[in-house]
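Chemist: Start counting the sequence shown at 45; every next residue gets the next number (my numbering).
Built from N, CA and C at the ideal position, the CB exists for glycine as well.
Owing to the predicted nature of the structure, the values given are computational and were not obtained by experimental measurement.
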Amino acid sequence: MSMNELFKQKRSVHVLYSYNGMKNYMKQIVSFILEGTSLGEYVVVIENERIYRMVHKELISRLTPEQMKLVHHVNNFDFYYSSGSYHPPAIFDYFFKTVKSYVDNNQSFRSWAHVEWGTMEDPFHLIEDLERIVDDAVNELAFPLICAYEGERMPEHLQTILLKTHPYILIDEEFNISDQYKLRVNNK
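The structure is reproduced here in structure tokens:
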């Protein structure tokens with residue numbers, strides 16, 4: 045099943061995208077945005093400025109001005125460090141404020157979040173905490189979310205955490221169900 049077929053069948057979809065190379069990355073993010081806007085969905089793109097400029101250039105050649113209004117860019121550095129540090133509750137609050145009008149107005153949306161950092165100094169338990177909070181939000185608010193991580197920069201311990209917190213995995217073109225995923229019951 046393709047990712048877009050899954051999104052048509054189910055709205056609560058939390059995907060780990062482990063990418064290798066910018067060419068594959070650009071193909072996936074642009075496809076994700078094009079599919080969403082073609083369905084009239086708002087698309088929240090949490091991305092760094094440099095990559096988003098490349099994405100935007102591709103989008104303006106393929107989307108109408110009305111469809112472009114459906115694309116909402118959030119700088120990923122501002123997003124993840126909105127409180128001055130990588131603090132999961134602050135990140136979740138920032139995200140909820142971003143999508144609140146869509147939720148309040150019962151408008152369909154999807155989100156793409158590029159998770160990156162300069163070093164691996166952030167404690168992995170914070171990433172796990174955030175991914176669990178986000179997984180709860182995906183299930184509660186019923187929207188598709190792709191969390192993109194560069195495969196080559198993920199140490200084994202982080203890979204294990206991410207496989208446990210994402211029910212679906214996309215590695216370049218291959219889409220799978222994570223057999224390590226564990227849904228939290230009652231937010232525990």
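1. Check for me: the alpha helix (DSSP H) holding L202 runs from which residue to which?
2. For a test of the three-state rule: what should DSSP assign to E172, helix, strand or coil?
3. Excluding the five sequence neighbours on either side, which residues of its own chain have a C-beta within less than 7 angstroms of the C-beta of N48, listed in chain order?
4. Of the residues V118, D173, Y63, which one's Cα is nearest the Cα of Y96?
5. I think Y241 touches L189, with their Cβ atoms under 8 angstroms apart; what is that distance to the nearest whole Å?
6. Tell whether a beta-carbon distance below 9 angstroms holds between L60 and L185.
7. What first and last residue would you give for the beta strand (DSSP E) that runs through S155?
8. Would the stretch 82-94 count as touching the stretch 215-226 if we require 3 or more Cβ pairs under 8 angstroms?
9. Comparing alpha-carbon positions, which option in Y212, V143, E200, A192 lies nearest E85?
10. Tell me whether the beta-carbon of P211 lies closer than 9 angstroms to the beta-carbon of D179.
11. Out of I104, Y124, I215, state which residue places its alpha-carbon closest to the alpha-carbon of V115.
12. Would H158 be called buried (16 or more neighbouring beta carbons within 10 Å of its own) or exposed?
13. In this structure, does DSSP put Q224 in helix, strand or coil?
Modeler: Checking against the coordinates, here is how it stands:
1. 200-209
2. helix
3. E79
4. V118
5. With the chain covering only 45 through 232, there is no way to say anything about residue 241.
6. no
7. 153-158
8. no
9. V143
10. yes
11. I104
12. buried
13. coil
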